[in-house]
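Under the working numbering, the first residue of the sequence shown is numbered 135, with each subsequent residue one higher.
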Amino acid sequence: MSRYDYVVVGAGSAGCVLAARLSEDPAVRVALIEAGGPDTAQEIHVPAAFPQLFKSGLDWDLDSEPEPGIGGRRAYLPRGKVFGGCSSINAMIYIRGNRADYDGWAAAGATGWSYADVLPYFKRSEDNERGEDEHHGVGGPLTVSDGRSRHPLAAAFVEAAVQAGHKTNDDFNGGTQFGVGSYQLTQRGGLRCSTAVAYLHPALARPNLTVLSSARAHRVVLDGGRATGVEVERGGVVEVVRAEREVILSAGAYESPKLLMLSGIGPAAALSAFGVEVVSDLPVGQGLQDHYAALLNFRTGRESLTGAAAAENAALLESAGRGPLTSNIGETGGFFRSRDGLDAPDVQFHAVPVLFHQEGLGPVAEHGFGFGPCVLAPTSRGAVTLRSPRPDAAPRIVHNYLMTAEDRECAVAGVRIALEIAAQRAVSDVVTGPYDVPAADSDAELLAWVRRSGQTLYHPTSTCAIGAVVDPELRVFGVAGLRVADASVFPTVPRGNTNAPTIMVAEKAADLVKGATG
């Protein structure tokens, strides 16, 4: 039995941050438990190669249950099973969300989580190559940079959007989110800058940090209503890793609620049905939110990213950190309102200079490109529940995409914006024909197409939300010495890609933990 002050479960986007920040104090002992292993695969670090990680050994490779709102299809849900977690397999887009997201959290009872409260943590994490200003920080572990690919097909989307009457925006994390432009990325020198690269690797030499890789967490060990450790299986051996001070779950919006439920923390009736003794009756796993997206795909006679792996491009990446292999694929995009009267956007676009279809798993045998909307502020809610009391069983996941009229209307309005942009000269000049686009423009056909062709944008959140499962200091209600710190604690999904907000949560959580024991 090993003993530590803090045991962090999950070496992903949040866990790497927590392990690094907590181990800054040489007087404390930190254990970081990760089901995967080191981030040594080349495809992790070469930005354009990340789709090759889908359904590999570095992917939890989850699937939803049949989703009622999209015709009973199961959604493919890639999640990183490797140091860095999803920050090692994602599209590297650095988006914080909207001021209204965090002010809304605070107004609903999440004290200390307003935009003014969280901005310092965003800035503390950041080393933005553009320099420091009121919105951005320098000197933090996480390199944030402008993209180095600048593919003409991605730029064509921006030009067409301007031709359709939309404004450009050179900083989606600045004074306003609205508009179109290029995304800033978590890249360093043209390579991926995951939280493993930014936070964990520099901390690995510390004698007070122990990383247990290839170790599956089974449950939180509880004694008299207090978390005292984590039961893990490693190399076929089950052991308990003891926490003298706190256990912190950072396993993500699907796995953190599963671990809580396996530990007796969750909906009492559901746990009892599996023979799990109830320790704390909480709505764990409820309130699941995600961004549902649908990309129009077009054929083109122009060069796409299909030839990015050519030898000359590999040489360019190695020598100068530039070229097509630095592409994050989702190079450009923007934020829109689906209807008048909205103060914050409810639609986000991503534009990709390559065919991206069949949930990112479709064959890419010809040149193409795509762009399209996601429902940015969904009102549909899903759930993560147990499938089995076995720790190695995947949870049941239902997002309930497009189950509310508001979300369906938003999706259709977003596709109409996409079709208007597609009709502009900057797109029509490079398009040779449709690959996967709606066949007609009626609301019914647009919605039917969204249901057929849409997919997750990989942003699950809110299954252990502040106010429902944890308090504003991220402590689990009814259990001492236990916190959750990852995207599952978001009261609502932010308006944008969720990696930067997850890192912010971990930065703030580190301060909360230190403050509780300092």
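All C-beta atoms in this analysis are idealised placements derived from N, C-alpha and C, irrespective of residue type, glycine included.
Q.
Taking the beta strand (DSSP E) that D357 belongs to, which residues open and close that run?
A. 349-357
Q. DSSP beta-bridge partners for Y95?
A. Examination of residue 95 is not possible in this model, given that the chain is present from 135 through 652 alone.
**Q.** Separation of V366 from E199, as counted between CA atoms
**A.** 27 Å
Q.
Nearest by alpha-carbon distance to M638: which of R368, G274, A403, V571 is it?
A. G274
Q: Keeping to the same chain, check which residues put their C-beta closer than 7 Å to that of A295; ignore five residues upstream and five downstream.
A: V314, G468, I555
Q) Of all the options A443, L343, T310, V481, which has the alpha carbon lying nearest to the alpha carbon of A165? A) L343
Q: Grab me the residues of A485's own chain with a C-beta within less than 6 Å of its C-beta, minus the 5 sequence neighbours each way, in chain order.
A: A288, F291, T466, G467, F505
(Q) Does D267 pass the burial test, meaning 16 or more other C-beta atoms within 10 Å, or should it be called exposed? (A) exposed
**Q.** Inter-residue Cα distance where the pair is R550 and V354
**A.** 48 Å
Q: Indicate whether the contact test is met: 3 or more Cβ pairs, each with one atom in the stretch 434-454 and one in the stretch 517-536, closer than 8 Å.
A: no
Q.
Short of 8 Å in beta carbon distance, which residues of its chain neighbour P523, apart from the five on each side in sequence? Order them along the chain.
A. L396, F408, G409, V410
Q.
Are the CB atoms of E607 and V85 within a distance shorter than 8 Å?
A. Nothing in the structure corresponds to residue 85, since the chain is present only between 135 and 652.
Q: Answer yes or no: do N431 and G548 have a C-beta to C-beta separation smaller than 8 Å?
A: no
Q) When you compare only the Cα positions, how much space is there between V604 and G441? A) 47 Å
**Q.** Between the CA atoms of R360 and V278 - distance to the nearest angstrom
**A.** 39 Å
(Q) I need the straight-line Cα distance from K257 to F624, nearest angstrom please. (A) 19 Å
Q: Using three-state DSSP, classify D159 as helix, strand or coil.
A: coil
(Q) Using 8 Å for Cβ pairs, my map puts E493 next to R433. What's the rounded Cβ distance? (A) No, E493 and R433 are not in contact; Cβ-Cβ is about 20 Å, not under 8 Å.
Q. What number of angstroms, rounded off, separates the C-alpha of G446 from the C-alpha of G386?
A. Going by the sequence as given, residue 446 is Glu instead of Gly. Spanning the two alpha carbons is a distance of roughly 38 Å.
Q: Can you tell me which of the three DSSP states D235 falls into?
A: helix
(Q) My output table needs one value for P594: the three-state DSSP class, helix, strand or coil. (A) coil
(Q) Given a cut-off of 8 Å on the beta-carbon distance, is the pair L393 and V143 in contact? (A) yes
Q) For A499, which three-state DSSP category applies? A) coil
Q | Sequence-distant residues of its chain with Cβ nearer than 6 Å to G630 (five each side left out) | A | I229, G231
(Q) Less than 7 Å between C-beta atoms, sequence neighbours within five positions excluded: which residues of the same chain meet that for G652? (A) Note on G652: pLDDT 49, under 50, position unreliable in the model; no value is reported.
Q: Give every residue of the same chain whose Cβ lies closer than 8 Å to the Cβ of A552, excluding the five residues on either side of it in the sequence, and list them in chain order.
A: L430, F483, F505, G506, P507
Q) Does DSSP put A443 in a helix, a strand or coil? A) coil
Q. What did DSSP end up calling I637 once you bin it into helix, strand or coil?
A. helix
Q.
Assuming contact is defined by CB atoms lying nearer than 8 Å, are D193 and R208 in contact in what I supplied?
A. no
Q. Any idea which residues DSSP pairs T434 with across the strands?
A. V565
Q: My understanding is that L422 touches T597, with C-beta atoms under 8 Å, so please give their C-beta distance in whole angstroms.
A: 5 Å
Q) What is the DSSP secondary structure of Y249, counted as helix, strand or coil? A) helix
Q. If you draw a straight line from the alpha carbon of T513 to that of R585, how long is it in whole angstroms?
A. 17 Å
Q: Out of P635, E389, P487, point me to the one whose CA is closest to E437's CA.
A: P487
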